Structure formats: structure tokens, C-alpha cells
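Q: All residue numbers for the sequence shown refer to the numbering used here, where the first residue is 12 and numbers rise by one.
Mind looking over this structure? Questions follow.
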Amino acid sequence: MPPVTTFLRRVLNRSTTETNAARDSAYPEAEEAAVAAEISAAGPVIAIHGMPGESAIMEAPSPTFTDTSSIDSGKMPLEATTEKEQVVVQEEEAEESQLQQQQLPRNAGFLRSFSNVVCIIIGTGCLQIPYAFAKTGWIGIVIVVVSAFIGGYTGILTIRCLYYRGAENRLHSFPQIGRAAFGKWGQYATQFFNYLYSLGTTCLYIILSGQFIYQLVSTLGVTVTQKVWMVIVAVVIWLPVAVLKEMSEAAIMAIFGLLASIVVIVVATVMSLVRPYTAMYPNLPPPQHDVAIGIGVPVALSSIVFSYSGSVVYPHVEASMRRPKQWPMVIGSSMMFCAACYLLIGVAGYWAYGDQVVSPVLDSIPTGAPATVAKIMITAHVIIAAPIMLLSFYLEVEKQWNITAERLGKKREFTIRLVYRSIVVAVVCGISLAIPYFSDFLSLISSIACVTMYAILPVVCYLKLYGHRIAPWYEKIWMGFVLVVGAVASIWGSIDAIKNLIKDAQG
């Protein structure tokens, strides 16, 4: 069996020898694409890329195919063998030509991109990790680490799918990946999961922010209701999304959101270590700790997987990067950072409170100034993360409908963008206020949409676009494992959410 380092190297930067030169690099830059085009014009070559920054050119004879039926359609996506396929290709090329006219500048560095990804991923999910450990026992540590590897791997596959036709014909979003892989129905299905996750998570952020603010100010004698605070939060979310045009402009917000998350994790960890359950309740029996609780693994797996979800913003973050070849480093370091944070707060919380820990863990630590500061910071983080989540939705809609200053003029483009973004925020806020039991209903939707976007769609679309023969046998085993984890997390998460909905309906 190949060593681990060889496997990771092939996962991050697989060197291919396919005859289609447009797919020789998963993360090419404009200058390298131009050089490759010149070399291609001079003679048949194959470009081989190793680790980021390495490149080599080796001569190879042009292959001759006599039986096109034996060609893997996933290996040669640009060749259409029927009239229907030719029409589809022409439609996609026309759409891509239109989208290329609205390319946004790549001006985001490593830190901006890292902050955008982490700000979306880490969110309120860190507060439920100790409770997940209470469901699984100490084996939850393994689940957190494995989930981080899955998130990093599928994040790389997602961006590779964007480049399956080369740099000049880069796709722009998950729905386009779905269309390229499975046609229009694939696009519709991917749009459903994508938009459901983006807008549904924003609804959840509004609910949580309103709830946190109401809890904080009610102790001060303020009588404003939770729904009023939710409306105020929606207005605060609307301000940046009405002004920001691209993902790189949200860098300052993302960095602040990252710092807020760090403060929350540090406060919760320190308070758990300083004031554990035995110190708070010395007269009660100590909490129980288990090595592994098999029955709780599926439900906890769903919660932990949800804590790593953020794939809807990956195409837009990578599109804003100055050096897109750094994407594996960005997603890898983001997942490692989130895993470290989750392990820190999870281990501390479970050690301190054991099976008595609740979700969120802030309700387990002693009340006082530290807990108040943590709630303020997590509220700030949620309010910051919501515009970034919405921005990914807005960018896809604007690309699809060609809402650009070049076509409409600066004033008209800004007016249209402001109006429809405002309408979306108003609708999202209205849904958050109107639907009863919405948080549990959203948990059901998240179990389906988030896990599908996190684990299932990237693998399935990648295999469809590139063909199963591109992956070595041991990576195929890993892909199968990822799909199983995604299915288990989705099914058990849905079952748990349905049980909570039934409890709510029964009062």
C-alpha cells in the first residue's frame, strides 16, 4: 500500500498524463495557461504539474481513437458524439462566454481567503462539539479529525470540478458543476441544495442572533421582544450585503468574525477547565465519561459534519484568490484550524461536564462576565457570517442573470443589485419570523442540504466529470468511505430532526 505522504501528494496535486491539455492543471494561473496554449500550438505535448509551483513539459505522441464508443465520456467532456450533445455543448459555451465578460478581479491573498472560509465553517458549530462528545464518548475526537480530512478533500475536489475544462473555461458555482456533470436536472438539483443551504443557514443565523441578544438585554430590564431583535439583526445584515460586490471585499468582516470565534472558544475552554462540574456542584455525583458510545455516533456525526459545512462559498473564495494554486493550502489549513478549535473546546467541555454537558456549551459554564462576553462575541460572529453566506448566493444569481456594470451601466447595475438583495433579506427575515418550529425544521433541511453539499455532491460530480479511472484504487476506497459517512450523517440527522419536530408539535 502506498505511503501516506504519497497518497496526500496525489490527493492535493495529482500529476496527470491525459491527452486533453485543458485539464492538465486543476489550479492554473492566467500566465501558465497562455504559455501552455503556445506550447500546444507548437506540437503535441502533455503538461505535468507536481506540487504547487512545479511544472514540466514532456513530449508525447497524439493518440488516435478508432472507436469513440470506448472513450470514457467523463474523460473527454468537450467531444460531442451526437447532435443533441453538440447542442448542449454550444449552449454551455455561449453561457461561459457571457460569464467570462463578468470576471471579478483576483486580489485576495492567503489570509483573506483563509478568513472567509473559517468564518463560514466554524460558526456556532463549535458550541455543540462538547455535547456531541457526550453522545459518542472520547471517540468523538476521531470523528472530528476524520471529518476535517473529508472536508478538506471534498473542498479540493469541488475546485477541481470547476477547472475540468481548463482555466479559460472555468465554471463559477456548484450549480454549473451539477449541469456539467448531469445536465440541466443536475443543475436544478444542485441549485436546490445550494440555495436551500445558503438561505436556510442565514435564517438560522437571524434566529440565533435575535435569541442571544434577547437573553443578554432581558437581564438589563429591556422589554424588547425577540422578534423585534430578529428584525434589527436582519437590518444589520442587510447593510453590508447591499454595499459589498465581491467576496474579497468582505475580508475585514471575515477576519473580525474569525477573531470573535477564537475569543468564544478560549473563554469556553478556560471556564470549563477552571470551573468544572464537580467544582460547581460538589454535593452531586461526578459526571460520567465513556470511551465510546456506539448508539450515539450517527447522531453526533451529523452534528460534527454540519460544523464543517461551508462548501457553497468555496467557488467564490477561490475565484477571488490572487494565487488560485494556493487553494489546497487554504482549505487544508482552514480545516486543520477548525479541527484544532473543535478539539480544544470539545475535550475541555466533555472533561469538565461529561454526560451533563448541554448544547450550546455556554449554558454549561458558570454565569458571569466571561459567559456574557462569549455570548456577545458569538452573536457578533453570527451577524458577520450571515452576509458572507448571502454573498455567495448573490454572486451566483448575478452571474446567472448577467447583472454587470458593463451591460447595465454602473448606476442601473447598483440599483438592480440593491433592490433584489434587499428583497432577499426581507424574505429571509419574514420566513424566520413566520414559520413555527423553524429551527428544528431547518435542522432537517440542513441534514439533507449541508451534508449533500459537504460530502456527496463533490465526489459524485468529480467521478462523473473526470471518470472513475482517474483515481487510484486506494483513493476510490476513500471516496466510498466519504459517501458512506455523508449518507449516514444525512439519514440520522434527518431522523433526529424529525423527532424534535414531532416533540414540538405535541407541545
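The C-beta atom is built at its ideal place from N, Cα and C for all residues, glycine as well.
Note that the structure is a prediction, hence the values are computed from the model and not measured.
1. On the CB-based measure, 16 or more other CB atoms within 10 Å of its CB, does residue 517 come out buried or exposed?
2. Within 10 angstroms of the Cβ of residue 501, are there 16 or more other Cβ atoms? Answer buried if so, exposed if not.
3. Let me make sure I understand the geometry here. Which of 455, 147, 511 and 513 has the alpha-carbon closest to that of residue 302?
4. Would you call the region 374-392 and the region 270-284 touching, i.e. three or more CB-CB distances under 8 Å?
5. Does the beta-carbon distance from residue 140 to residue 357 come in below 8 Å?
6. Could you name the residues of the same chain whose beta carbon sits closer than 6 Å to that of residue 159, not counting the 5 residues immediately before and after it, in chain order?
7. Between the alpha carbons of residue 237 and residue 225, how many angstroms are there, rounded?
8. What are the boundary residues of the alpha helix (DSSP H) that residue 339 is part of?
9. Flag this pair as yes or no: are the beta carbons of residue 317 and residue 137 separated by less than 8 Å?
10. Apply the 10 Å Cβ neighbour rule to residue 368 and answer buried if 16 or more other Cβ atoms are within range, or exposed otherwise.
11. Excluding the 5 residues flanking residue 297 on each side, which residues of the same chain have their C-beta closer than 8 Å to its C-beta?
12. Just how far apart, CA to CA, sit residue 353 and residue 164?
13. Helix, strand or coil: how does DSSP classify residue 119 here?
14. Alpha carbon to alpha carbon, what distance is there between residue 465 and residue 489?
15. Taking the straight line between their C-alpha atoms, what separation do you get for residue 408 and residue 471?
16. Nearest-angstrom Cα distance between residue 419 and residue 426?
17. Within 10 angstroms of its Cβ, does residue 71 collect 16 or more other Cβ (buried), or is it exposed?
18. Checking the sheet assignment: what are the DSSP bridge partners for residue 332?
19. Between which residues of its own chain and residue 161 is the CB-CB distance below 7 Å, once the five residues before and five after are set aside?
20. Mind pulling the beta strand (DSSP E) runs of 3 or more residues that sit fully within the region 150-181?
21. Does the Cβ-Cβ distance between residue 399 and residue 192 come in under 8 Å?
22. What is the DSSP secondary structure of residue 508, counted as helix, strand or coil?
23. Quick one: what's got a C-beta closer than 6 Å to residue 88's C-beta in the same chain, skipping five residues either side?
24. Among 439, 172 and 312, whose alpha-carbon lies nearest the alpha-carbon of residue 150?
25. Does DSSP classify residue 319 as helix, strand or coil?
26. On a CA-only basis, which of 432, 153, 474 and 436 is nearest residue 242? Give me that one, please.
27. How many angstroms separate the CA atom of residue 263 from the CA atom of residue 180?
28. Please name the residue in 342, 310 and 309 whose C-alpha comes closest to that of residue 321.
29. Assuming residue 196 is part of the alpha helix (DSSP H), what are its boundary residues?
30. Taking the alpha carbon of residue 251 as the reference point, which residue from 211, 397 and 454 has its own alpha carbon closest?
31. Since residue 186 and residue 169 should fall inside the 8 Å C-beta cutoff, what is the C-beta to C-beta distance between them, to a whole number of angstroms?
32. For residue 300, which of helix, strand or coil comes out of DSSP?
33. Helix, strand or coil: which one does DSSP assign to residue 283?
34. Indicate the three-state DSSP secondary structure (helix, strand or coil) for residue 91 in the structure shown.
A: Inspection of the coordinates gives the following:
1. For the purposes of this step, residue 517 is identified with residue 506 of the sequence shown, where counting begins at 1. Exposed, by the Cβ-count rule.
2. Numbered from its first residue, the sequence shown carries residue 501 at position 490. Its Cβ being crowded by 16 or more others within 10 Å, residue 501 is buried.
3. Within the sequence shown, the letter at position 291 stands for residue 302. Cα-wise, what sits closest to residue 302 is 147.
4. Verdict: yes, contact present.
5. In the sequence shown, counting from the first residue as 1, residue 140 sits at position 129. In the sequence shown, counting from the first residue as 1, residue 357 sits at position 346. Yes, the Cβ-Cβ distance between residue 140 and residue 357 is below 8 Å.
6. The sequence position of residue 159 within the sequence shown is 148, counting from 1. Within the same chain, Cβ atoms closer than 6 Å to the Cβ of residue 159 are found at 346 and 350, the five residues on either side in sequence being excluded.
7. Counted from its first residue, the sequence shown places residue 237 at position 226. Counted from its first residue, the sequence shown places residue 225 at position 214. Answer to the nearest angstrom: the Cα atoms are 5 Å apart.
8. Counting from one through the sequence shown, the residue named residue 339 turns up at place 328. Unbroken alpha helix (DSSP H) run through residue 339: 338-364.
9. One-based indexing of the sequence shown puts residue 317 at position 306. One-based indexing of the sequence shown puts residue 137 at position 126. It is not a contact, given that the beta carbons lie outside the stated cut-off.
10. Taking the sequence shown and counting its residues from 1, one reaches residue 368 at position 357. Residue 368 is buried by the Cβ-count criterion.
11. Here the question's residue 297 lines up with position 286 in the sequence shown. The beta carbon of residue 297 sits closer than 8 Å to those of 288, 289 and 365, all from its chain and outside the five residues before and after it, given in chain order.
12. Counted from its first residue, the sequence shown places residue 353 at position 342. Counted from its first residue, the sequence shown places residue 164 at position 153. The alpha-carbon atoms of residue 353 and residue 164 are separated by roughly 18 Å.
13. Counting from one through the sequence shown, the residue named residue 119 turns up at place 108. Reduced to three states, the DSSP call for residue 119 is strand.
14. Reading the sequence shown from its first residue, position 478 is the one you call residue 489. Reading the sequence shown from its first residue, position 454 is the one you call residue 465. In this model, residue 489 and residue 465 are separated by some 15 Å (Cα to Cα).
15. Position 397 of the sequence shown, counted from the first residue, corresponds to residue 408. Position 460 of the sequence shown, counted from the first residue, corresponds to residue 471. For residue 408 and residue 471, the gap between their C-alpha atoms comes out near 24 Å.
16. Here residue 419 refers to the residue found at position 408 of the sequence shown. Here residue 426 refers to the residue found at position 415 of the sequence shown. Approximately 10 Å, taken between the alpha carbons.
17. For the purposes of this step, residue 71 is taken as residue 60 along the sequence shown, with counting starting at 1. Because residue 71 sits at a pLDDT of 34, beneath the cut-off of 50, its placement in the model cannot be relied upon, and the following sentence gives the value as read from the coordinates. With fewer than 16 other Cβ atoms within 10 Å, it is exposed.
18. For the purposes of this step, residue 332 is taken as residue 321 along the sequence shown, with counting starting at 1. For residue 332, which the question treats as bridged, DSSP gives the partners 119.
19. Locating residue 161 in the sequence shown gives position 150, where the first residue counts as 1. Within the same chain, residue 161 has close Cβ partners 466, 493 and 496.
20. Counting only runs of 3 or more, we get nothing.
21. Position 388 of the sequence shown, counted from the start, is the residue given in the question as residue 399. Position 181 of the sequence shown, counted from the start, is the residue given in the question as residue 192. With a cutoff of 8 Å on beta-carbon distance, residue 399 and residue 192 are scored as not near each other.
22. Along the sequence shown, one-based indexing puts residue 508 at 497. Three-state DSSP puts residue 508 in a helix.
23. If you number the sequence shown from 1, residue 88 lands on position 77. Note that residue 88 scores a pLDDT of 40, beneath 50, so its modelled location is shaky; the value from the coordinates is reported in the next line. Cβ neighbours of residue 88 beyond the five flanking positions: none.
24. Looking up residue 150 in the sequence shown gives position 139. Relative to the Cα of residue 150, the nearest Cα in the group 439, 172 and 312 belongs to 312.
25. Taking the sequence shown and counting its residues from 1, the one referred to as residue 319 is at position 308. Residue 319 falls in the coil class under three-state DSSP.
26. To locate residue 242, count along the sequence shown from 1; it is residue 231. Ranked by how close their Cα comes to the Cα of residue 242, the residues 432, 153, 474 and 436 have 436 in first place.
27. Locating residue 263 in the sequence shown gives position 252, counting from the first residue. Locating residue 180 in the sequence shown gives position 169, counting from the first residue. Each residue's alpha carbon lies about 30 Å from the other.
28. Mapped onto the sequence shown, residue 321 falls at position 310. Per the Cα distances, 342.
29. On the sequence shown, position 185 is the one that residue 196 refers to. Start and end: 185-229.
30. Here the question's residue 251 lines up with position 240 in the sequence shown. It is 397.
31. For the purposes of this step, residue 186 is taken as residue 175 along the sequence shown, with counting starting at 1. For the purposes of this step, residue 169 is taken as residue 158 along the sequence shown, with counting starting at 1. Contact doesn't hold; Cβ gap of about 12 Å is too wide.
32. Residue mapping note: residue 300 aligns to position 289 of the sequence shown, counting from 1. Residue state, collapsed to three classes: coil.
33. Within the sequence shown, the letter at position 272 stands for residue 283. DSSP places residue 283 in the helix class (H, G or I) of the three-state scheme.
34. Stepping through the sequence shown from its first residue, residue 91 is reached at position 80. Reliability fails at residue 91, whose pLDDT of 41 lies under 50, so the model's placement of it is uncertain and no value is given.
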